[in-house]
Amino acid sequence: MIFELDDDIIAFPHPELPLLDDAGGLVAVGGDLSIERLLFAYDHGYFPWYAFRYKDIQWYCPSERFVIFPDEVHVSHSMRTLINKHRYRVTFNTAFDQVIRGCSTVDGRINEAGAWLGDEIIEAYTKLHELGRARSVEVWRGDELVGGLYGVTSGSGFVGESMFSREPNTSKLALIALARCMQEHGGSLIDCQIRTTHLESLGARYITYKEYITALHGPEAYHSWQERPILMHKA
115 MIFELDDDII
125 AFPHPELPLL
135 DDAGGLVAVG
145 GDLSIERLLF
155 AYDHGYFPWY
165 AFRYKDIQWY
175 CPSERFVIFP
185 DEVHVSHSMR
195 TLINKHRYRV
205 TFNTAFDQVI
215 RGCSTVDGRI
225 NEAGAWLGDE
235 IIEAYTKLHE
245 LGRARSVEVW
255 RGDELVGGLY
265 GVTSGSGFVG
275 ESMFSREPNT
285 SKLALIALAR
295 CMQEHGGSLI
305 DCQIRTTHLE
315 SLGARYITYK
325 EYITALHGPE
335 AYHSWQERPI
345 LMHKA
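According to our numbering, the sequence shown is numbered sequentially starting from 115.
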């Protein structure tokens, strides 16, 4: 069963409801991309992902989460060699607009039928960035942006939304830099959302929804939601 969201009430079905068939993690459709809904969604493990040309917002919350723990990130010999050459410079949260637009357009992504990073998403996440909840990692060669990633902070974690490379391995470099930064500052995990061999090679693995929410917000958060089939925003 896929739930249809109310446009006026911010609420989501609990992702562990027996009614949900885990259709690739899709749990609900509808609603909007308001700041309040997005923040509530991310803090409870949901994220929007849909083809923007078709307009129907789809919300996902996979029962198993594909994540990287910062202290488990795998840095291959080739990546170590690349890092040690000091060819690239990495910055944090200095060019969010360039990064999100790079993620949208690199390699012609925006022209694909299922493209999801359109103007509506860019506008919504730019607002999250202005609130300090969406952040970016940039990889530069000289003054040229050649790779990066962006995502949303939630609790002690970082939910990765998209990454791009204009030169080989620069998105990997951004992710490794993020993991090292989070390890240094006590970040709990990087949510990769979707499994890819690219991310798996960096150490990503599956954990349960319970483990995920506990890592982000502590065990009390998960337990407090257990008796509530509908998770609802309280203004």
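Ideal Cβ placement from N, Cα and C applies to all residues, glycine included.
Smallest Cα separation from residue i: which of the options?
i    : options                   : result
L131 : S177, S315, V187 and D146 : S177
V141 : I149, I321 and F126       : F126
V266 : E234, E244 and K324       : E244
P333 : L152, H158 and D122       : H158
R255 : G232, G269, P282 and A248 : P282
L345 : S270, R309, H191 and P129 : P129
H200 : S190, W230, W339 and L287 : L287
How would you call residue i, buried or exposed, if buried means at least 16 neighbouring beta carbons within 10 angstroms?
i    : result
M277 : buried
E275 : buried
S218 : buried
A227 : exposed
P162 : buried
Y168 : exposed
G138 : exposed
R151 : buried
Ordered along the chain, which non-local residues of its own chain (more than five positions away) have a Cβ less than 6 Å from that of residue i?
i    : result
A318 : F180, I182 and C306
K324 : Y336
L313 : C306
Alpha carbon to alpha carbon, how far is residue i from residue j?
i    : j    : result
E341 : S302 : 26 Å
M193 : H331 : 32 Å
T205 : M115 : 43 Å
Y252 : L196 : The amino acid occupying residue 252 in the given sequence is Glu; Tyr does not appear at that position. Whole-angstrom Cα-Cα distance: 16 Å.
A209 : C295 : 17 Å
D233 : H337 : 37 Å
S170 : L119 : Note that residue 170 is Asp in the sequence shown, not Ser. Using only the alpha carbons, I get a separation of about 11 Å.
D221 : V143 : 29 Å
N207 : E298 : 17 Å
H347 : I124 : 5 Å
S315 : N198 : 20 Å
Confirm, please, whether the CB-CB distance from residue j to residue i is below 8 Å.
i    : j    : result
G300 : R280 : no
Q172 : Y164 : yes
I149 : L242 : yes
S285 : Y264 : no
G246 : A329 : no
L147 : A238 : yes
I235 : R215 : no
L289 : Q212 : no
S268 : Y174 : no
Compute every distance between the C-beta of residue i and the non-hydrogen atoms of the ligand FAD, then say whether any falls below 7 Å.
i    : result
L231 : Of the ligands one can find in the structure shown there are none, so the ligand FAD has no counterpart to examine.
In chain order, what residues of the same chain lie with their CB nearer than 7 Å to the CB of residue i, ignoring the 5 residues before and after it?
i    : result
A293 : I182, P184, V187 and I304
In its own chain, which residues sit with a C-beta less than 8 Å from the C-beta of residue i, not counting the 5 before and 5 after it?
i    : result
T322 : S177, E178 and R179
I308 : F180
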